[in-house]
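S.K.: Residue numbers (my numbering): 42 to 278.
Structure in structure tokens, see below.
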């Protein structure tokens, strides 16, 4: 997943720190910081799913020991660059986003390994699954902002192009909606709905980068749900 760090992400100049778009940027990097905390908590929870965790669980936890702290350090540096209005903010944002995706997939793999252990503690398994679900939402809030904000900024300045995500407000021609740009809550709503309903709802993805992101997020959410259901059926049986 490390190949995603830079080349996959569209390169744009950050807007003024005083703009509404840039306030969403700092909120999005904050979401990645929260995702990092969820990741650390998930690693601890997975290690307590049984008295003698499988070797792979130790491997995933060891990976977390490096991934999440490194991501949090990068978050701190990215916030510093944001306050300085540096053009390098987006580069560091991309690095944090890539690390967050690695950590999320790492936790999902750890959850899959745990589900097949007959001695697993159901309470910690449920806690781990819940943390992965929340981490999934937090990571993709930042993902959707990263791939959509460039187009939304250009549209708000009058360019006749389509965004990566078509929000209902984009199609309203009222004067009150002129210059509208998505807020952090709009991206949180999009990420929450995608993870909860296993697909797009009202906001419509229009560009391939967001299509890929949604497929990843839905796959993770479905995997978590299927594992919980499979474990529940196993306990009943």
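Beta carbons are placed, not taken as given, at the ideal position from N, Cα and C, and that holds for glycine.
Note that the coordinates shown come from a computational prediction; the quantities given were computed from them, not determined experimentally.
(1) Measuring CB to CB, does residue 133 end up less than 8 Å from residue 112?
(2) Would you check if the region 134-146 and the region 76-87 touch, i.e. whether three or more CB-CB distances between them fall below 8 Å?
(3) Go through its chain and collect everything with a Cβ distance to residue 72's Cβ below 7 Å, but skip five positions before and after it.
(4) What separation, rounded to the nearest whole angstrom, lies between the Cα atoms of residue 104 and residue 80?
(5) As a quick exercise: from 234, 84 and 68, pick the residue whose alpha carbon is nearest that of residue 155.
(6) Going by DSSP, what residues sit across from residue 244 in a beta bridge?
(7) Is residue 174 near residue 228, with beta carbons less than 8 Å apart?
(8) Taking the straight line between their C-alpha atoms, what separation do you get for residue 205 and residue 198?
(9) Whole angstroms is fine: what's the gap from residue 48's alpha carbon to residue 160's?
(10) Could you tell me how far apart the beta carbons of residue 87 and residue 152 are, in whole angstroms, since I believe they sit closer than 8 Å?
(11) Put residue 251 into one of helix, strand or coil per three-state DSSP.
(12) Helix, strand or coil: how does DSSP classify residue 118 here?
(13) Taking the alpha-carbon of residue 65 as reference, which of 165, 194 and 233 has the nearest alpha-carbon?
(14) When burial is assigned at 16 or more other CB atoms within 10 Å of the CB, is residue 126 buried or exposed?
(15) How far does the alpha helix (DSSP H) with residue 238 in it extend, from its first residue to its last?
(16) From residue 150 to residue 234, what distance separates their C-alpha atoms?
(17) Report back the beta-carbon spacing between residue 169 and residue 90 to the nearest angstrom; my notes put them in contact at under 8 Å.
M.R.: In brief:
(1) no
(2) yes
(3) 179, 182 and 183
(4) 11 Å
(5) 84
(6) Its beta-bridge partners do not exist; DSSP assigns none.
(7) no
(8) 16 Å
(9) Residue placement at residue 48 is poorly supported in this model, since its pLDDT is 45, which falls under 50; the coordinates still yield a value, given next. The straight-line gap from Cα to Cα measures roughly 43 Å.
(10) 7 Å
(11) helix
(12) helix
(13) 194
(14) exposed
(15) 225-238
(16) 23 Å
(17) 7 Å
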